[in-house]
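Below you'll find the structure, written out as structure tokens, and then a few comments.
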Amino acid sequence: MMYTTLVDFRKNLISMHELPVTQSILKIALEHAEKANAKRITDLHIVQGELSSMVDDSIQFYWEIIAKDTIAQNATLHFRRVPAELQCMACFQKYHPKDGELVCPNCGSVGAKIVAGEEFFVEAIDIDE
Amino acid sequence: MTERIPVVENILSANDRLAEENRARINAAGVFSINLMASPGAGKTSIIEQTLPRLKDKLCVAVIDGDIATSLDADRASSAGAQASIQINTGGECHLDAVMLHGALNQLDLTKFDLLIVENVGNLVCPAEFRLGTHKSVLIASVPEGDDKPYKYPGMYRGVDALVINKIDLLPYVPFKMDFFQRGVEALNPGVVTLPLSCRTGEGLDAWINWILQNVKR
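Residue numbers (my numbering), protein chains in the order written: chain F, 1 to 129; chain D, 1001 to 1218.
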């Protein structure tokens, strides 16, 4: 039997990559603020690895829209960047990958393990009690 | 008084939790599932069209298609012989996420199938960040895209379980250095299964079909 079923998300017209991500950030902040009986969230501290594809300007843009009328309204977003770090699988040298450069600067081998740079998490929030 | 509350919570953890739920549902039904990712025009739908007739007598296959709009791809999968074909329209979203797959799985009686193919939105950046819960991630590269793609889209190349190189029939006509391409792949994803093929001539498709059948048996 042949049939096509349509599952349509097109009603969310403004939705783009960073919107669900920003909603997730707000949800995490509100949950932790509620547990601490906060009256207001003043600052959010977000850790973002260099290899993460999230765009902080877009997050900031959506943040101002979706945080409105919550206790996180007007909270400042702080992004702490973590540089990428690779470890060569041949000589175990750790190095920072330069643009498009995937070769170990020590021994010239390709093939590396990612040690850091993929982080993307809420580290802390500042609240008024 | 202002106070700092430690949080340390992964921002994509809600997606990851739902992806685990999707995986549990797929596992409970005994289905093997793959997430097909590629840039637009690399041949995701073409490979599905070539795959379905070759599996016709062996496996019962469901296809879930992600696109920003239209049901063109799901219609092509239906015509090629998918026993069920579901189109997700993401409404501008550049990738599928676990929530969308969850919604589509609700439309399927998974117990009727052996294989689930999820065709992600054509994009070489975003789909890599959002886990769906499928068993294997497959990236379809294609020769006319150019040999520099592993270097330009490392996030996509490093996370996949198998790499198809489509349109190898065009190798004589385009400046694609296979050595340079594979060096980039090897740097990001050492030892990844690589399947060069052509959907147009059929060359290499047997190896791809065998890769699927071996995984379904497990």
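Virtual Cβ for every residue (Gly too), placed ideally from N, Cα, C.
Remember, predicted model here, so these are calculated numbers, not experimental data.
With distances taken between CB atoms, is the gap from residue i to residue j smaller than 9 Å?
{"i": "D:Gly1066", "j": "D:Val1118", "result": "yes"}
{"i": "D:Ala1062", "j": "D:Gln1083", "result": "yes"}
{"i": "D:Gly979", "j": "D:Asn1166", "result": "Residue 979 of chain D lies beyond the range of chain D shown here (1001 to 1218); nothing can be said about it."}
{"i": "F:Leu102", "j": "D:Ala1187", "result": "yes"}
{"i": "F:Gly117", "j": "F:Glu18", "result": "no"}
{"i": "D:Arg1004", "j": "F:Ile65", "result": "no"}
{"i": "D:Leu1171", "j": "D:Val1138", "result": "no"}
{"i": "D:Ala1024", "j": "D:Ile1064", "result": "no"}
Can you give me the C-alpha to C-alpha distance between residue i and residue j, rounded to a whole angstrom?
{"i": "F:Asp56", "j": "F:Phe79", "result": "8 Å"}
{"i": "F:Asp43", "j": "F:Ala29", "result": "10 Å"}
{"i": "D:Asp1016", "j": "D:Leu1197", "result": "32 Å"}
{"i": "F:Thr22", "j": "F:Val47", "result": "14 Å"}
{"i": "D:Phe1180", "j": "D:Trp1211", "result": "25 Å"}
{"i": "F:Leu77", "j": "D:Ser1013", "result": "19 Å"}
{"i": "D:Asp1057", "j": "D:Val1193", "result": "26 Å"}
{"i": "D:Gly1041", "j": "D:Gly1191", "result": "26 Å"}
{"i": "F:Met54", "j": "D:Glu1129", "result": "9 Å"}
{"i": "F:Met89", "j": "F:His96", "result": "14 Å"}
Since residue i and residue j are thought to touch, with beta carbons under 8 Å apart, how far apart are those beta carbons, to the nearest angstrom?
{"i": "F:Phe121", "j": "D:Ile1011", "result": "6 Å"}
{"i": "F:Lys113", "j": "F:Gln93", "result": "Not quite, the Cβ-Cβ distance comes to about 11 Å (not below 8 Å), so this is no contact."}
{"i": "D:Val1125", "j": "D:Ile1068", "result": "That belief does not hold up - the Cβ atoms of D:Val1125 and D:Ile1068 are roughly 15 Å apart, past 8 Å."}
{"i": "D:Ala1029", "j": "D:Leu1096", "result": "The Cβ separation is near 19 Å, so there is no contact."}
{"i": "D:Lys1152", "j": "D:Asn1215", "result": "Not really, about 29 Å apart at Cβ, beyond 8 Å."}
Would you mind telling me which residues of chain D sit closer than 8 Å to residue i, beta carbon to beta carbon, in chain order?
{"i": "F:Ala36", "result": "Glu1003 and Ile1005"}
{"i": "F:Pro105", "result": "Those do not exist, as F:Pro105 stays about 13 Å from chain D at its closest Cβ, beyond 8 Å."}
Under 9 Å between beta-carbons, which chain D residues line up against residue i? List them in chain order, please.
{"i": "F:Asp126", "result": "Thr1002, Glu1003, Arg1004 and Ile1005"}
{"i": "F:Phe92", "result": "Residues of chain D passing the Cβ test: none, with the nearest at roughly 15 Å."}
Show which residues of chain D have a CB atom less than 7 Å away from the CB atom of residue i.
{"i": "F:Glu85", "result": "Those do not exist, as F:Glu85 stays about 14 Å from chain D at its closest Cβ, beyond 7 Å."}
{"i": "F:His32", "result": "Ile1005 and Val1007"}
{"i": "F:Glu123", "result": "Val1007 and Val1008"}
{"i": "F:Thr115", "result": "Checking the sequence shown, residue 115 of chain F turns out to be Val, not Thr. Ordered by position in chain D, no residue passes the 7 Å Cβ test against F:Val115, which lies about 13 Å from the chain."}
Show which residues of chain F have a CB atom less than 9 Å away from the CB atom of residue i.
{"i": "D:Val1125", "result": "His17 and Ser53"}
Taking beta-carbon pairs under 7 Å, can you tell me which members of the stretch 38-51 of chain F lie near chain D? In summary, the residues of the stretch 38-51 of chain F whose CB is separated from some CB of chain D by less than 7 Å are Thr42 and Leu51, in the order they occur in the chain.
Check distances from the C-beta atoms of the stretch 71-83 of chain F to those of chain D and list, in chain order, the residues that come in under 9 Å. Listed in sequence order: no entries.
Which residues, in chain order, does the stretch 1072-1097 of chain D contribute to contact with chain F at a C-beta distance below 9 Å? Contact residues of the stretch 1072-1097 of chain D toward chain F are Ala1074, Asp1075, Ala1077, Ser1078, Ser1079, Gly1081, Ala1082, Gln1083, Ala1084, Ser1085, Ile1086, Gln1087, Ile1088, Asn1089, Thr1090, Gly1091, Gly1092, Glu1093, Cys1094, His1095 and Asp1097 (C-beta to C-beta distance below 9 Å).
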